[in-house]
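Asker:
In this note's numbering, the protein residues as written are 15 to 345.
#1: Between residue 262 and the ligand ADP, is the CB less than 6 Å from at least one heavy atom?
#2: Rounded C-beta distance between residue 48 and residue 180? I'm assuming under 8 Å.
#3: Would a C-beta distance cut-off of 7 Å place residue 258 and residue 115 closer than the cut-off?
#4: Under the three-state reduction of DSSP, which class applies to residue 231: helix, strand or coil?
#5: Please report the distance separating the alpha-carbon of residue 188 from that of residue 208.
#6: Can you name the residues that DSSP bridges to residue 79?
#7: Which ranges would you report for the alpha helix (DSSP H) in the segment 106-185 if only whole runs of at least 4 residues count?
#8: To the nearest angstrom, how far is the alpha carbon of residue 255 from that of residue 89?
#9: Roughly how many angstroms separate the alpha carbons of residue 40 and residue 46, rounded to a whole number?
#10: If we ignore side chains and look at the alpha-carbon of each, how far apart do residue 84 and residue 78 end up?
#11: Consult DSSP for residue 88 and reduce its assignment to one of helix, strand or coil.
#12: Roughly how many angstroms lie between the CA atoms of residue 144 and residue 293, to the nearest whole one?
#13: Quick check: the segment 264-276 against the segment 170-177, are there 3 or more CB pairs under 8 Å?
#14: Rounded to a whole number of angstroms, what is the C-alpha to C-alpha distance between residue 21 and residue 31?
#15: Straight-line CA distance for residue 193 to residue 226?
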């Protein structure tokens with residue numbers, strides 16, 4: 015299978031590259047183009063910062079780092095080291111003293127684990143596919159050949175990705191310009207409903223933004239393109255979560271109580287609710303859902319801690335738009 019990259023989406027806080035790709039030959043009834051989330055250690059800027067030094071030099075990727083990594087992988091002695099690095103989590107910050115090539119191997123395994131977690135999340139969210147989330151197609155591997163400088167040995171570079179349906183429509187951040195104000199409440203409420211349905215299937219998200227949602231319309235079974243929308247009639251639009259971002263699943267050994275406590279601590283609904291209020295400039299008001307009210311009642315200590323941290327100041331505008339002459343515009 016070959017894939018041609020049509021468009022790359024900038025992800026400041028992403029764990030992977032988001033790409034629109036054209037696949038040849040076409041894969042059955044799968045949509046084409048489709049979306050590829052590629053867990054490539056070289057481009058996962060935030061994850062590199064978290065795991066490889068918090069902004070220090072080890073977090074940076076460069077061509078010379080990649081060359082050392084490929085040279086190391088071409089050597090037979092690297093096999094034992096790779097097994098050790100990928101089977102054991104090192105003591106905190108110990109990996110900062112490793113050679114650049116060893117850090118890349120360690121980080122490559124971190125990305126693999128993130129991919130496996132998200133793949134499991136897609137499977138758990140199967141009841142929501144083609145409705146609240148895109149249809150998931152499966153995992154793929156991307157490979158390339160690398161040769162040592164002396165030409166005596168070769169290694170295969172490898173990274174993994176997830177393929178899913180491309181959702182036509184427009185980003186939720188365009189709600190103000192694409193949808194009449196009379197319909198804003200409907201779609202803002204739908205966003206919170208999507209979050210709740212995901213949580214009830216034992217998946218929790220971290221750090222979602224409105225950029226991770228799209229408004230999608232289906233007419234007679236066919237998707238409309240953005241330019242064909244009738245802005246006076248948006249009753250057939252649906253909210254779709256197009257990026258799971260950094261997600262976590264409830265492990266089999268994890269109790270329901272522990273999982274729900276983490277949901278209350280993360281409180282994605284409150285975060286998204288604030289972003290929606292800013293987007294609509296107060297035309298829509300966030301009201302706690304029954305689902306999260308129950309979390310508040312079950313874990314009152316978390317709610318008190320969060321309230322103590324809230325400062326008495328007006329929140330800043332979100333990163334997805336700024337103001338120019340009082341009018342919101344996309345960056």
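All C-beta atoms, glycine included, are put in the ideal place defined by N, C-alpha and C.
Answerer: Result, derived from the coordinates:
#1: Only the bare structure without any ligand can be found here, which leaves the ligand ADP out of the picture.
#2: 5 Å
#3: no
#4: strand
#5: 18 Å
#6: For residue 79, which the question treats as bridged, DSSP gives no partner whatsoever.
#7: 114-138
#8: 43 Å
#9: 7 Å
#10: 10 Å
#11: coil
#12: 26 Å
#13: no
#14: 11 Å
#15: 18 Å
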